[in-house]
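Since the structure comes first, as structure tokens, the remarks are kept for the end.
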Ligand SMILES: Nc1ncnc2c1ncn2[C@@H]1O[C@H](COP(=O)(O)OP(=O)(O)O)[C@@H](O)[C@H]1O
Ligand SMILES: [Mg+2]
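Rendered as structure tokens:
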């Protein structure tokens, strides 16, 4: 493993409901190297999503540090964090989360709207991203005109289009049939091996995890065997 | 796609709701501008070029107090005064109290030189001038009572202890008010034996002289027993409209209610629109949109909605003013119905301000909500 792109040190996340305290993450330390494809595994409620959210900068730890590409994400303010996310993270959700009234093309273009890119540059980027996920012929389709697997591939294109260092995916195949799931996993694998993207994927499905280069097991908010696979 | 394009797509999601909202805003603004125009027409009633040159001098204390007759020649000598006539409110009753209309004693020779905008038959005016008990009546009052020229009528005095037996010698048309009756002041003087005047009616030589005349006349009598108050005919008419303050208040409150309703409608639309997009907004945040940008998107959508509604409403009002004869429709109540740029811009300003204000609460809430809270929201 060369230089770690994600450095997690003694990271804890607590949820408090009145008197009851839920420990979602308990003093976790983990390094993820550049170019890795990590599968975060574990039973439901083990803290996988929480960890992924903190890495992706949409949640904050209660204590400990999470440094991504030299930036301690937990120290950024909301606006700076948003800018940081735009630059460094591509997010893929379980439920795709495409905007229903926008075409595939427009959904992918969304993260680029607030950049200084010209319309032409945006189009080039969007077309390249859709090409990469194999949907160049579906650009004008609305989400409801696409299959689940195609929707998820559009979502992956949307995550890719800003050329982020880190691709995070929370159960990306959770809502897909076996065939589409295999397609999406294959795509993530290609992006990792051919395009050199660092991928962190949450899954509880061992078959999905098998596509990753490395597996990290969580249980009750703690890492099993110190994060080794 | 561009940012405005994205805002448009968002706005067009629920076309029926959008249409209804835009139409409610349009209707509200239509009512608002119509009422404001009506209010304006009421506040600036029916000024003609000639009437702007006319002034009324009355007793400073009250309209019921009278002025000495000798003031007339002194007013006539004030620079800028072209003519001056006596003008005394008789307040008589024709048969029954319900038959109200205004009757004035005046200088018969000066009357139609001062009241220049009305049309008369020169022969009738000549006949009127010759006969002390003659009177001239506006066409509306003629028609109302079915009077004919040459007919004799009796006005029972209420303020003055005299009954006037008048002969209608002529009719006038046009002008500000077609309901008045004018008779010879001399007849009133003789019938009562009093030598007093209600008001003086001044005609200024030109518009520039008006302010000067007001100042000079009032200064001239400032140390007399009967101090005067001189004002333009228009200002004077407004003091008669004692109900005017109430109408103004009423129209004002209706406008407030309209604006408030408009705000509620946009507010409910925007909060629905934002609520059903909670998850998408969270996704946008996850993609790197910051709070300010999300806020801007929501604000722009609400603003555009209110602006379009407002524009439609204003066009509607303009269309009404262009194509409907408000003079006929309002039975002469409104001579003109002028939708001014000022009213239109005030309306649009209010509509767009409401658009902004009405989305503030849900917009702020959605900016504040964490990405995770939004993502957890079910579609
Ligand atoms: N907002 C929250 N409030 C309280 N508890 C939470 C919240 N989010 C997650 N948790 C708890 O944290 C633990 C880890 O959750 P999560 O990371 O979603 O697990 P996983 O993704 O592995 O299923 C669970 O026990 C869950 O109930
Ligand atoms: Mg989870």
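Chains as they are written, first to last, in the numbering used here: chain A, 140 to 368; chain B, 3 to 381.
C-beta: ideal position from N, C-alpha, C; glycine also.
Checklist entry - Heavy atom of ligand 2 less than 8 Å from the Cβ of residue 309 of chain A, yes or no? => result yes
Item to check | Spatial neighbours of residue 309 of chain B in its chain, beta-carbon cut-off 8 Å, leaving aside the 5 residues before and after | outcome: 350, 353, 354 and 357
Next on the checklist: Pull the bridge partners of residue 165 of chain B from the DSSP assignment, please.
Outcome noted: B:158
Checklist entry - Based on the DSSP output, what are the partners of residue 85 of chain B in its beta bridges? => result B:205
Item to check | Distance, residue 289 of chain A Cα to residue 326 of chain A Cα | outcome: 11 Å
Next on the checklist: I'd like to know if residue 225 of chain A contacts chain B, where contact means its C-beta is closer than 9 Å to some C-beta of that chain.
Outcome noted: yes
Item to check | CB of residue 304 of chain B within 9 Å of CB of residue 272 of chain B, strictly | outcome: yes
Item to check | CB of residue 202 of chain B within 9 Å of CB of residue 120 of chain B, strictly | outcome: no
Next on the checklist: Taking beta-carbon pairs under 8 Å, can you tell me which members of the segment 176–199 of chain A lie near chain B?
Outcome noted: 192, 195, 197 and 198
Item to check | Any non-hydrogen atom of ligand 1 within 8 Å of residue 156 of chain A CB | outcome: yes
Checklist entry - Which residues share a DSSP beta bridge with residue 146 of chain A? => result A:170 and A:206
Checklist entry - Along chain D, in chain order, which residues have C-beta atoms closer than 9 Å to that of residue 240 of chain A? => result No chain D appears in this structure, whose protein chains are A and B.
Next on the checklist: Quick test of the definition: if touching needs 3 or more C-beta pairs under 8 Å, does the segment 267–286 of chain B touch the segment 350–362 of chain A?
Outcome noted: no
Next on the checklist: Could you compute how far the alpha carbon of residue 194 of chain A sits from the alpha carbon of residue 154 of chain A?
Outcome noted: 18 Å
Item to check | Of the residues A:208, A:234, A:238 and A:233, the one placed nearest residue 282 of chain A, counting alpha carbons only | outcome: A:238
Item to check | As assigned by DSSP and simplified to three states, the class of residue 297 of chain B | outcome: helix
Checklist entry - Mind listing, in chain order, the residues whose beta carbon lies closer than 6 Å to a non-hydrogen atom of ligand 1? => result A:154, A:161, A:163, A:181, A:183, A:184, A:185, A:186, A:187, A:188 and A:189
Checklist entry - In the structure shown, what three-state DSSP assignment does residue 11 of chain B receive? => result helix
Item to check | Backbone secondary structure at residue 151 of chain A - three-state DSSP | outcome: strand
Item to check | Span of the beta strand (DSSP E) around residue 180 of chain A | outcome: 176–180
Item to check | Closest Cα partner of residue 221 of chain A within the set A:197, A:203 and A:232 | outcome: A:197
Item to check | Simplified DSSP state of residue 101 of chain B, which is helix, strand or coil | outcome: coil
Item to check | Nearest-angstrom Cβ-Cβ length linking residue 130 of chain B and residue 107 of chain B, presumed shorter than 8 Å | outcome: That pair is no contact at about 13 Å.
Next on the checklist: Helix, strand or coil, according to DSSP, for residue 77 of chain B in the structure here?
Outcome noted: helix
Item to check | Residues bridged to residue 137 of chain B [DSSP beta-bridge criterion] | outcome: B:170 and B:185
Next on the checklist: Are there any heavy atoms of ligand 2 lying less than 8 Å away from the beta-carbon of residue 341 of chain A, as far as the coordinates show?
Outcome noted: yes
Checklist entry - Under 9 Å, do residue 350 of chain A and residue 181 of chain A count as touching if we go by C-beta distance? => result no
Checklist entry - Can the beta-carbon of residue 179 of chain A be found less than 9 Å from the beta-carbon of residue 191 of chain A? => result yes
Next on the checklist: Counting only beta-carbon separations shorter than 9 Å, does residue 324 of chain B have a partner in chain A?
Outcome noted: no
Item to check | Whole-number beta carbon distance between residue 127 of chain B and residue 114 of chain B, since they are thought to touch under 8 Å | outcome: 6 Å
Checklist entry - Where does residue 70 of chain B sit, in a helix, a strand or coil, going by DSSP? => result strand
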